[in-house]
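Peer 1:
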Amino acid sequence: MNKCITLVVRNLLVLLIFTGVCSLSAATTYVHPGDDLGAILNSANPGDTVMVYPGEYGRVVLADKNGTETDPIIIRSMGGATIKSYEPYENALWLKNCDYIVFDVFTFTGGMRGAIVVDCDHIIFKNCTFTGVGQEGIHILSSHYVDVRGGKIYNTGLLNPQWGEGVYAGSGSAYDLCSHIWVEGVEIYNTGNGEAVDYKPGVSHSTIRGCVIHDIAPGTSTQSNEGAIVVNGYDTSVYVLPAPQYIWIENNLVYNISGGLTGKNRGIVFFGSGVYVKSNIVHDCDDEGILGSNWNNAGFTNWSYANWCYDNDPNSNYQYGNVVNLTDPGLNSQTRQVWFP
């Protein structure tokens, strides 16, 4: 009988200890205006949720902060929370070597960029706004599995309009190779003279889907940006063997591409690097609605299918040497990350 009682007590103690450990490892923290949001986020642990009240918070720098697939770090605005850089050459958000972090319903503004993501994996921006910055809305470097879902990117390039890209992934350097960059359901407009979305050589297995992109003016007399959505061709400065990029551009609405460098006011531009352009609506571009360029052609087949282009000049232009298959490529096998809804 005493052995039974001892066993029950021991099991209860184990359960209490386990419950206490779990509660310590998955805390919910509430942040108010005036609190140091950056310090609080740097103290977060896997499984934590940080709830941020409406208001304005200073720039955030996160380095070596790692959640897991089952215990991500969730940073959620309770409506109207803004992260702002007050220094013109800093970034509102700087992530370095971070994994499994979510920013949900934030505005990033001020400084040079809304967010810069470096050496990170499994990052999600959901229903966020990037606006009022000197250059890019969000710049992604040497990172993999980064989702930008919903929200808006606008009024970028306020300091350097030629580099005002909404979403900029990679740089053309082998060090900055990126993959699984998923941009979906984002409205992008007024990006200075930069592209709305610019995927550099070395970005692969990525998707631009269901975005509304309008009022883009790409290019200046000193910066030859190519269009609103651009998947760049290979360049000799990329120290990797060329391989198909497997980038999908699908179900986007692109219009009013005008006011940039003459000849560059295009809707969608791709090179010979293995790009799938399907079911997009492109209209009112001063230049090509869709351009398949032969510049730096790596020789891989591209697909262009079921796109509705009208009131462009011309509606499409597939340059000689760029192999473009006009049949249905089937379904995009890539998906956004599924560990966070």
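According to mature numbering (1 follows the signal peptide of the UniProt record, and there is no 0), the residues represented by the sequence shown are -26 to -1, 1 to 315, in order. Note that CB positions come from ideal geometry on N, CA and C, so glycine has one too. This one's a predicted model, so the numbers in the text were calculated from it and none came from an experiment.
1. Using 7 Å as the cut-off, classify the Cβ of Glu43 as near or not near the heavy atoms of the ligand ATP, replying yes or no.
2. Using beta-carbon positions only, say whether Ala66 and Gly88 come within less than 8 Å of one another.
3. When the distance is taken between beta carbons, is Ala272 closer than 8 Å to Gly207?
4. Can you tell me which of Asn134, Ser116, Gly106 puts its alpha carbon nearest to the alpha carbon of Ile127?
5. Which residues does DSSP list as the beta-bridge partners of Gly32?
6. If you drop the 5 nearest sequence neighbours on each side, which residues of the same chain put their C-beta closer than 6 Å to that of Val228?
7. In chain order, what residues of the same chain have a beta carbon less than 6 Å from the beta carbon of Pro216, not counting five sequence neighbours either side?
8. Quick one: what's got a C-beta closer than 6 Å to Phe82's C-beta in the same chain, skipping five residues either side?
9. Do Pro7 and Gly32 have their C-beta atoms within less than 8 Å of each other?
10. How many angstroms separate the CA atom of Ala18 from the CA atom of Gly140?
11. Within this structure, are the beta carbons of Val249 and Asn281 separated by less than 8 Å?
12. Per the DSSP calculation, Tyr128 is bridged to which residue(s)?
13. So, at 6 Å on beta carbons, what are the nonlocal neighbours of Val204 in its own chain, with the 5 sequence-adjacent residues on each side left out?
14. Quick check: what's the CA-CA separation for Ile48 versus Gly125?
15. I'd like the list of long-range same chain contacts for Gly144, defined as Cβ closer than 6 Å, with 5 residues on each side in sequence excluded.
16. By the three-class DSSP mapping on this structure, what secondary structure does Trp137 have?
17. I need the boundaries of the beta strand (DSSP E) containing Ala13, first residue and last residue.
18. Indicate whether Tyr27 and Tyr4 have their beta-carbon atoms separated by less than 8 Å.
19. Alpha carbon to alpha carbon, how far is Tyr60 from Leu16? Give it in angstroms, no decimals.
20. Enumerate in chain order the residues of its own chain whose CB-to-CB distance from Leu132 is below 8 Å, with the five nearest sequence positions on each side excluded.
21. Just the C-alpha distance for Gly234 and Asn286, rounded to the nearest angstrom, thanks.
22. On the CB-based measure, 16 or more other CB atoms within 10 Å of its CB, does Asn296 come out buried or exposed?
23. Once DSSP output is grouped into helix, strand and coil, what is the label at Asp150?
24. Can you tell me where the beta strand (DSSP E) with Arg123 in it begins and where it stops?
25. Taking just the CA atoms, how far does Asn134 sit from Gly85?
26. Strictly under 8 Å for the Cβ-Cβ distance: is Tyr4 near chain D by that measure?
27. Mind checking whether Ser117 and Cys94 have CB atoms under 8 Å apart?
28. By Cβ distance, which residues of its chain are closer than 8 Å to Val34, with the 5 residues on each side in sequence left out?
29. With the cut-off set at 8 Å, would you say Gln311 and His113 are in Cβ contact?
30. Return the CA-CA distance between residue 369 and Asn270, expressed in angstroms with no decimal places.
31. Mind checking whether Asn268 and Tyr284 have CB atoms under 8 Å apart?
32. Just verifying my parser: in three-state terms, what is the DSSP assignment at Phe245?
33. Enumerate in chain order the residues of its own chain whose CB-to-CB distance from Asp302 is below 6 Å, with the five nearest sequence positions on each side excluded.
Peer 2: The short version:
1. The ligand ATP is not among the ligands present in this structure, which contains no ligands whatsoever.
2. Taking the first residue of the sequence shown as position 1, residue 66 is located at position 92. Taking the first residue of the sequence shown as position 1, residue 88 is located at position 114. In contact: Ala66 and Gly88 (Cβ atoms closer than 8 Å).
3. Counting from 1 along the sequence shown, the entry for residue 207 is found at position 233. Counting from 1 along the sequence shown, the entry for residue 272 is found at position 298. For the 8 Å CB-CB criterion, Gly207 and Ala272 form a contact.
4. As a position in the sequence shown, residue 127 is number 153, starting the count at 1. Checking every option, the nearest Cα to that of Ile127 belongs to Gly106.
5. Numbered from 1 along the sequence shown, position 58 holds the residue referred to as residue 32. Lys58, per the DSSP bridge assignment.
6. In the sequence shown, the residue the question calls residue 228 occupies position 254. Excluding sequence positions up to five before and after Val228, its CB lies within less than 6 Å of the CB of Ile187, Ala202, Gly241, Val256, all in the same chain and listed in chain order.
7. The residue given as residue 216 occupies position 242 in the sequence shown. So the list reads Tyr208, Ala272, once near-sequence residues are dropped.
8. Here residue 82 refers to the residue found at position 108 of the sequence shown. So the list reads Ile57, Ala66, Leu67, Gly88, Ala89, Phe104, once near-sequence residues are dropped.
9. For the purposes of this step, residue 7 is taken as the residue at position 33 of the sequence shown. For the purposes of this step, residue 32 is taken as the residue at position 58 of the sequence shown. In this structure, Gly32 does not lie closer than 8 Å to Pro7 by Cβ.
10. Sequence index remark: in the sequence shown, residue 18 carries index 44 (1-based). Sequence index remark: in the sequence shown, residue 140 carries index 166 (1-based). Distance between the alpha carbons of Ala18 and Gly140 is about 29 Å.
11. If you number the sequence shown from 1, residue 249 lands on position 275. If you number the sequence shown from 1, residue 281 lands on position 307. Their beta carbons are not under 8 Å apart, which means Val249 does not touch Asn281 by this criterion.
12. In the sequence shown, residue 128 corresponds to position 154, counting from 1. Beta-bridge pairing links Tyr128 to Thr105, Tyr163.
13. Within the sequence shown, residue 204 is the residue found at index 230, counting from 1. Only residues of its own chain outside the window of five on either side were considered, and among them Glu169, Asp172, Val243 have a CB closer than 6 Å to the CB of Val204, listed in chain order.
14. Looking up residue 48 in the sequence shown gives position 74. Looking up residue 125 in the sequence shown gives position 151. Ile48 and Gly125 have their C-alpha atoms some 17 Å from each other.
15. Stepping through the sequence shown from its first residue, residue 144 is reached at position 170. These residues qualify, in order along the chain: Asp150, Cys152, Lys174, Gly176, Val177.
16. Taking the sequence shown and counting its residues from 1, one reaches residue 137 at position 163. Helix.
17. Here residue 13 is taken as the residue at index 39 of the sequence shown, counted from 1. No beta strand (DSSP E) contains Ala13, which is instead part of the alpha helix (DSSP H) from 11 to 16.
18. In the sequence shown, the residue the question calls residue 27 occupies position 53. In the sequence shown, the residue the question calls residue 4 occupies position 30. Yes; because the gap between Cβ atoms is below 8 Å, this pair is in contact.
19. Taking the sequence shown and counting its residues from 1, the one referred to as residue 16 is at position 42. Taking the sequence shown and counting its residues from 1, the one referred to as residue 60 is at position 86. Checking the displayed sequence, the identity of residue 16 turns out to be Asn instead of Leu. About 20 Å.
20. As a working note, residue 132 is residue 158 in the sequence shown. The answer, listed in chain order, is Gly106, Val107, Gly108, Gly138, Gly166.
21. Along the sequence shown, one-based indexing puts residue 234 at 260. Along the sequence shown, one-based indexing puts residue 286 at 312. C-alpha separation (whole angstroms): 15 Å.
22. Taking the sequence shown and counting its residues from 1, one reaches residue 296 at position 322. With a threshold of 16 other beta carbon atoms within 10 Å, Asn296 meets it and is buried.
23. The residue you call residue 150 lines up with position 176 of the sequence shown. Helix at Asp150.
24. What you label residue 123 is simply residue 149 of the sequence shown in a count that begins at 1. Going by DSSP, Arg123 is part of the beta strand (DSSP E) stretching over 118 to 123.
25. Here the question's residue 85 lines up with position 111 in the sequence shown. Here the question's residue 134 lines up with position 160 in the sequence shown. Each residue's CA atom was taken as its position, placing Gly85 and Asn134 some 12 Å apart.
26. Given the protein chain composition of this structure (a single chain), no chain D is represented.
27. In the sequence shown, residue 117 corresponds to position 143, counting from 1. In the sequence shown, residue 94 corresponds to position 120, counting from 1. Contact flag set, yes.
28. Numbered from its first residue, the sequence shown carries residue 34 at position 60. Cβ neighbours of Val34 within its own chain (closer than 8 Å, five residues either side excluded): Leu11, Gly12, Leu15, Ile57, Ala66, Leu67, Trp68.
29. If you number the sequence shown from 1, residue 311 lands on position 337. If you number the sequence shown from 1, residue 113 lands on position 139. Going by C-beta atoms, Gln311 is not nearer than 8 Å to His113.
30. No answer is possible for residue 369: the residues shown for the chain start at -26 and end at 315.
31. Residue numbering aside, residue 268 sits at position 294 when the sequence shown is read from its first letter. Residue numbering aside, residue 284 sits at position 310 when the sequence shown is read from its first letter. The answer is no: Cβ separation not under 8 Å.
32. To locate residue 245, count along the sequence shown from 1; it is residue 271. DSSP places Phe245 in the coil class of the three-state scheme, outside both helix and strand.
33. Your numbering for residue 302 matches position 328 in the sequence shown. Around Asp302: Tyr279.
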